[in-house]
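A.B. asks:
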Amino acid sequence: AQSVTQLGSHVSVSEGALVLLRCNYSSSVPPYLFWYVQYPNQGLQLLLKYTSAATLVKGINGFEAEFKKSETSFHLTKPSAHMSDAAEYFCAVSDQNTGGFKTIFGAGTRLFVKA
Amino acid sequence: DTGVSQDPRHKITKRGQNVTFRCDPISEHNRLYWYRQTLGQGPEFLTYFQNEAQLEKSRLLSDRFSAERPKGSFSTLEIQRTEQGDSAMYLCASSLAMLGDTQYFGPGTRLTVL
């Protein structure tokens, strides 16, 4: 069975500092991995996804994530935080065999950005 | 492309009442998903359609829940005899069928059962 663990339910950074949100996954087959962002009272928006091409994936708003199979990790980073990055971030996994129809989400990490 | 829409955005009901939510996916998308999200948690998969066929239901979906997608376009999620534990955000997403397809989410329907 697949699962996702997001380390840290809350992360606080200063504006301009590095953002690092951690995600570890468990999957018995090669996974597809996703990061979504959710702003208050809005649906989830895809930031980036890994589909077994390049291990370093670049997404929107300056975010990127690196797939590390040996560490079963897919951490999300951004070099310099902006106030507008404050939101909830979800890591998700689906397996390639099922074509992605069942996606398992982590519990989320709320990012706070201090001025 | 107007995105995924959901109606209503908020629903307050009394325990024991039935409620129905609607989801309109992006027009060319043939996959449609329903998720439930409670406070402090990520979305939990409930059910999935490809065109009009319901292909998977989570064990989370009790027999009080039913979902339909009659013509492979919009979908409805009905909850009968609501319970306080049903209070949550119900999210709909749609995608175009392919490996690693990207799901596009609607804004959700927030259900409060009193």
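Chains C and Y are the protein sequences, given in the same order. Residue 91 in this note's numbering sits at position 90 of the first sequence, and the numbers go up by one each step. Residue 75 in this note's numbering sits at position 35 of the second sequence, and the numbers go up by one each step. Glycine included, C-beta positions come from ideal geometry on N, C-alpha and C. Because the structure is a prediction, the values reported are computed rather than measured.
On the three-state DSSP scale, how would you describe Asn42/C?
C.D. replies: If DSSP states are grouped into helix, strand and coil, Asn42/C belongs with coil.
A.B. asks: Please return the same chain residues whose Cβ sits closer than 8 Å to the Cβ of Arg49/Y, not counting the five positions on each side in sequence.
C.D. replies: Pro147, Gly148, Thr149, Arg150
A.B. asks: What are the boundary residues of the beta strand (DSSP E) that includes Glu65/C?
C.D. replies: 65-69
A.B. asks: Flag this pair as touching only if the segment 52-72 of chain Y and the segment 36-51 of chain C have three or more C-beta atom pairs under 8 Å; answer yes or no.
C.D. replies: With a cut-off of 8 Å, the segment 36-51 of chain C and the segment 52-72 of chain Y do not count as touching, because too few Cβ pairs lie within range.
A.B. asks: Let's test the definition: count the other Cβ atoms within 10 Å of the Cβ of Gln124/Y and tell me whether it reaches 16, buried, or not, exposed.
C.D. replies: Counting of Cβ neighbours within 10 angstroms places Gln124/Y among the exposed residues, the total staying below 16.
A.B. asks: Give me whichever residues DSSP pairs with Gln7/C in a beta bridge.
C.D. replies: Cys24/C
A.B. asks: Apply the 10 Å Cβ neighbour rule to Pro80/C and answer buried if 16 or more other Cβ atoms are within range, or exposed otherwise.
C.D. replies: exposed
A.B. asks: Counting only Cβ-Cβ distances shorter than 9 Å, please list the residues of the segment 44-72 of chain Y near chain C, keeping chain order.
C.D. replies: Val44, Gln46, Arg49, Arg71
A.B. asks: Kindly indicate if chain Y contains any beta-carbon less than 8 Å away from that of Gly60/C.
C.D. replies: Not one chain Y Cβ lies under 8 Å of Gly60/C.
A.B. asks: What separation, rounded to the nearest whole angstrom, lies between the Cα atoms of Leu131/Y and Tyr144/Y?
C.D. replies: Pairing Leu131/Y with Tyr144/Y, the inter-Cα distance amounts to about 10 Å.
A.B. asks: Measure the CB-CB distance between Val30/C and Asp96/C and report whether it falls below 8 Å.
C.D. replies: yes
A.B. asks: Is Asp103/Y helix, strand or coil when you go by DSSP?
C.D. replies: coil
A.B. asks: From Leu4/Y to Ala18/C, what does the alpha carbon distance come to, in whole angstroms?
C.D. replies: Here chain Y comprises residues numbered 41 to 154, so residue 4/Y is not present and cannot be evaluated.
A.B. asks: Strictly under 8 Å for the Cβ-Cβ distance: is Thr42/Y near chain C by that measure?
C.D. replies: no
A.B. asks: Going along chain Y in order, which residues have a C-beta closer than 8 Å to the C-beta of Asp108/C?
C.D. replies: What sits at residue 108/C in the sequence shown is Ala, not Asp. The answer, in chain order, is Gly80, Gln81, Gly82.
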